[in-house]
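Residue numbers (the UniProt record's numbering): 1 to 180.
Notes follow the structure.
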Amino acid sequence: MESSSLITPEDVLESLMNDGTIDAMRLKIINQLKANEELKNTTIKMAEQSKVLNTPGAEKQTKRELFDALRQELETSVLEKASKSVWELILDNNGLGKEISETVERVFCRLSGREPPLFPSNVDTQSDKGKDVEIGKENSDSTSKKRKFDEVNSEDGADEVASGSSKPSAASDDSGKVAK
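The structure is reproduced here in structure tokens:
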């Protein structure tokens with residue numbers, strides 16, 4: 001089943017937001033950050049070494065004053081470390097990052113009427129190598145051996161947009177065969 005309109009990243013994002021997937025992923029990220037002992041220990045060490053807390057007279061300040069001063073001193077560096085940890089989770093190919101990629105791919109496939117997986121594993125790719133040439137032949141026009149822009153865009157570009165992949169797509173040469 002082929003969709004008549006191009007599925008945009010915004011379409012996929014809207015679907016993920018509407019079905020609660022974004023909130024569920026956010027909760028998983030927060031829980032993994034809370035469980036990150038290295039991040040906790042680094043933050044504790046930063047607070048212990050804080051100029052604000054180690055300044056004479058700090059014990060006479062109110063909790064609010066101390067909190068505000070600590071935030072001003074440490075917020076940027078703590079948030080940078082937390083942000084780095086979040087990106088590590090999101091980009092992890094074996095954990096949450098893999099789950100995010102698979103979820104986005106599933107939603108894209110559902111919206112576009114395609115069958116997952118869009119990008120089979122290396123084992124599958126090796127066994128399907130001969131099929132790529134056949135796909136290239138099917139898409140070639142009988143009067144012109146080059147594919148039209150919208151055919152290339154709907155076959156290759158939409159997959160890359162949905163997955164965020166930067167892998168080079170297969171290109172066809174003048175004979176209509178797909179070059180690898």
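Note that beta-carbon positions come from the ideal geometry of N, C-alpha and C, so glycine has one too.
Predicted, not measured: the structure shown is a model, and the values here were computed from it.
Residue i versus residue j - alpha carbon distance
| i | j | result |
| --- | --- | --- |
| Met46 | Val86 | 19 Å |
| Glu65 | Thr76 | 18 Å |
| Arg114 | Phe108 | 8 Å |
| Val12 | Lys40 | 34 Å |
| Ser112 | Ala69 | 51 Å |
| Pro9 | Val104 | 10 Å |
| Met110 | Met25 | The sequence shown places Arg at residue 110, rather than the Met named in the question. Distance between the alpha carbons of Arg110 and Met25 is about 19 Å. |
| Glu37 | Glu14 | 34 Å |
| Glu102 | Glu80 | 27 Å |
| Thr62 | Asn18 | 43 Å |
| Glu59 | Leu53 | 8 Å |
| Ile100 | Gln49 | 37 Å |
| Gly20 | Asn31 | 17 Å |
| Asn93 | Gly57 | 49 Å |
| Ala35 | Leu96 | 14 Å |
| Lys84 | Arg71 | 19 Å |
Presumed contact (8 Å Cβ cut-off) between residue i and residue j, rounded CB distance
| i | j | result |
| --- | --- | --- |
| Glu73 | Lys98 | With 8 Å as the limit, Glu73 and Lys98 do not qualify as a contact, their Cβ atoms being about 37 Å apart. |
| residue 225 | Val78 | With the chain covering 1 to 180 only, the question about residue 225 has no answer from this structure. |
| Ala82 | Leu33 | 6 Å |
First through last residue of the alpha helix (DSSP H) which encompasses residue i
| i | result |
| --- | --- |
| Asp68 | Lys63 to Leu91 |
| Gly95 | Note, Gly95: premise wrong, no alpha helix (DSSP H); not H, not E. |
| Ser15 | Pro9 to Asn18 |
| Leu53 | Lys51 to Asn54 |
| Leu39 | Glu37 to Glu48 |
| Arg26 | Thr21 to Lys34 |
Check whether residue i and residue j have beta carbons under 7 Å apart
| i | j | result |
| --- | --- | --- |
| Leu16 | Ile22 | yes |
| Ile29 | Leu91 | no |
| Arg106 | Pro117 | no |
Outcome for residue i when other beta-carbon atoms lying within 10 angstroms are tallied against a minimum of 16
| i | result |
| --- | --- |
| Ala158 | Model confidence at Ala158 stands at a pLDDT of 42, short of 50, so the residue's coordinates are unreliable; what they give is reported in the following sentence. The residue in question, Ala158, is buried, as its Cβ has 16 or more Cβ neighbours within 10 Å. |
| Ser5 | exposed |
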